[in-house]
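Heads up, the thing below is written out as structure tokens.
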Amino acid sequence: GLNTPKGYEGSSQNQEPNTQHLNSRPPFFAMFSLSNRRVARWAFPWVSLVFRFWARLFAPRLRVTGRHNIPRYGRVIFAPNHISNVDPQFIGAALRYPARYMAKKTLWDIAWLHFPLQFFGAFPVNTGAPDRAALKMALEVLAAHQPLVIFPEGFVSEDAQLGEIMAGVATLALKSGATVIPVGLYGLDKISPYGETVPRPTLARVAMHFGEPLWLDDLREMPSKTAREHLNQRLKNGILAAYEKARDTR
Numbered sequence: 012g013l014n015t016p017k018g019y020e021g022s023s024q025n026q027e028p029n030t031q032h033l034n035s036r037p038p039f040f041a042m043f044s045l046s047n048r049r050v051a052r053w054a055f056p057w058v059s060l061v062f063r064f065w066a067r068l069f070a071p072r073l074r075v076t077g078r079h080n081i082p083r084y085g086r087v088i089f090a091p092n093h094i095s096n097v098d099p100q101f102i103g104a105a106l107r108y109p110a111r112y113m114a115k116k117t118l119w120d121i122a123w124l125h126f127p128l129q130f131f132g133a134f135p136v137n138t139g140a141p142d143r144a145a146l147k148m149a150l151e152v153l154a155a156h157q158p159l160v161i162f163p164e165g166f167v168s169e170d171a172q173l174g175e176i177m178a179g180v181a182t183l184a185l186k187s188g189a190t191v192i193p194v195g196l197y198g199l200d201k202i203s204p205y206g207e208t209v210p211r212p213t214l215a216r217v218a219m220h221f222g223e224p225l226w227l228d229d230l231r232e233m234p235s236k237t238a239r240e241h242l243n244q245r246l247k248n249g250i251l252a253a254y255e256k257a258r259d260t261r
């Protein structure tokens, strides 16, 4: 149905997360964001319906697999490869609850994007250097048990191949204890090729696979740098495995 999953409303202890402190803009603007629980309750089911219709319109052959790996609620980071400008919209269409998005800071330089970015609960990150403010915001989002989408490459790939994985996801996961779900995207570059801004429908195969959660327990006793390096490698392997699953989906 069109009901927001109950899992989004509470933590693993069935307590409603306190998200009021996440609205860094004035309350008037926060009223119109899916990061606001009241807005999410009534708006997200319809937004999700529109997203799914839009995704099918642009990719009639879209397949989404691995849904059983998506946690119902709790601290979770979705970490996809980044192959097109429409990746966030397709992630949003596949999820059954609202997620927050860490997005590159330069998007806020585009005036007409301000309201969509605010509405979907995105917040900026400086992808060219360590960004303490973005890290703090991400930790607050996860502490409130709101799902978070981060593209660990930081940029759209020019050739749809997985690039260097930045340390942000690993750092956040180890600090917050969040579950990390690697996500493989395939074929979305046919809808929005690198360097183009206007999406176009495609009859090519388009697929998305949600991979198995990454194992973190054995990293907790390691020195932080070593743990980040191990988790970064696991994340890269997980995204590659999820990408291959998506690529091979028929």
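Counting in my numbering, the sequence shown runs from 12 upward without gaps. No residue lacks a Cβ here, since even glycine has one placed at the ideal position from N, Cα and C. The structure displayed is predicted, hence computed values, not measured ones.
Proximity winner among the options, relative to residue i (alpha-carbon distances)
i    : options                : result
T76  : V87, E232, V217        : V217
Y205 : H79, H93, F162         : H93
F130 : G103, S203, A145       : G103
I192 : A252, T213, A149       : A252
E255 : I81, N243, Q172        : Q172
R74  : A238, S46, L214, I88   : L214
G85  : Q157, A66, H241, I202  : Q157
F101 : T117, P234, L60, L150  : L60
H220 : F89, L246, A257        : A257
V87  : V152, E175, F43        : V152
A140 : P91, K115, V97, D98    : K115
P96  : L196, K247, A155       : According to the sequence as given, residue 96 is Asn; it is not Pro. With distances taken between Cα atoms, N96 lies closest to L196.
R78  : L106, R63, A70         : L106
D170 : R239, L199, R111, K186 : L199
W119 : A70, G132, L128        : L128
V160 : G174, A184, S168       : A184
Y112 : W123, P99, M233, A122  : P99
A66  : G249, L246, P210, H241 : P210
R245 : R52, P109, E223, R261  : E223
W53  : P109, K247, R83        : P109
A189 : S203, I202, L225, G174 : L225
N248 : V194, A70, R72, P234   : V194
As assigned by DSSP and simplified to three states, the class of residue i
i    : result
G179 : helix
I81  : coil
R74  : strand
I192 : strand
M8   : The question about residue 8 has no answer, for the chain in this structure spans 12 to 261.
Y197 : strand
F126 : helix
R261 : coil
P43  : It should be noted that the sequence gives Phe, not Pro, for residue 43. Reduced to three states, the DSSP call for F43 is coil.
Proximal residues to residue i (C-beta, below 7 Å), its chain only, five neighbours per side dropped
i    : result
L68  : P212
N243 : I176, A178, A181
R239 : A178, A181, T182, L185
L33  : Any reading at L33 needs caution, since the residue's pLDDT is 44, under 50, leaving its predicted position unreliable; the model's value is listed next. Around L33: S46, E151, V152, A155.
P71  : L214
S203 : S95, N96, V97, P210
Residues near residue i in its chain [Cβ-Cβ closer than 8 Å; skip 5 each side]
i    : result
S35  : Confidence at S35 is low in this model, with a pLDDT of 44, below 50, so its placement is unreliable and the value that follows should be read with caution. Same-chain partners within the cutoff: F134, M148.
T208 : N96
T260 : R74, T76, Y197, R216, A218, H220
S235 : L185
Residue interval of the alpha helix (DSSP H) (run including residue i)
i    : result
A215 : Careful: A215 lies outside any alpha helix (DSSP H) and carries neither H nor E.
V136 : Where V136 is concerned, there is no enclosing alpha helix (DSSP H), although the beta strand (DSSP E) it sits in stretches over 133 to 136.
V167 : Element bounds for V167: n/a, residue is neither H nor E.
W53  : 48 to 69
G249 : 235 to 258
V152 : 143 to 154
I102 : 98 to 105
Neighbourhood of residue i by C-beta, 6 Å cutoff - its chain only, sequence neighbours within 5 removed
i    : result
I81  : F221
N137 : K116
G174 : E164, S168
Extent of the continuous beta strand (DSSP E) to which residue i belongs
i    : result
F162 : From DSSP, F162 is part of no beta strand (DSSP E); its letter is neither H nor E.
V87  : 87 to 91
Pairs of beta-carbons, one from the region 146 to 165 and one from the region 219 to 232, closer than 8 Å: are there three or more? Contact fails: fewer than three Cβ-Cβ distances are below 8 Å.
Do three or more CB pairs link the region 175 to 184 to the region 138 to 156 at distances below 8 Å? yes
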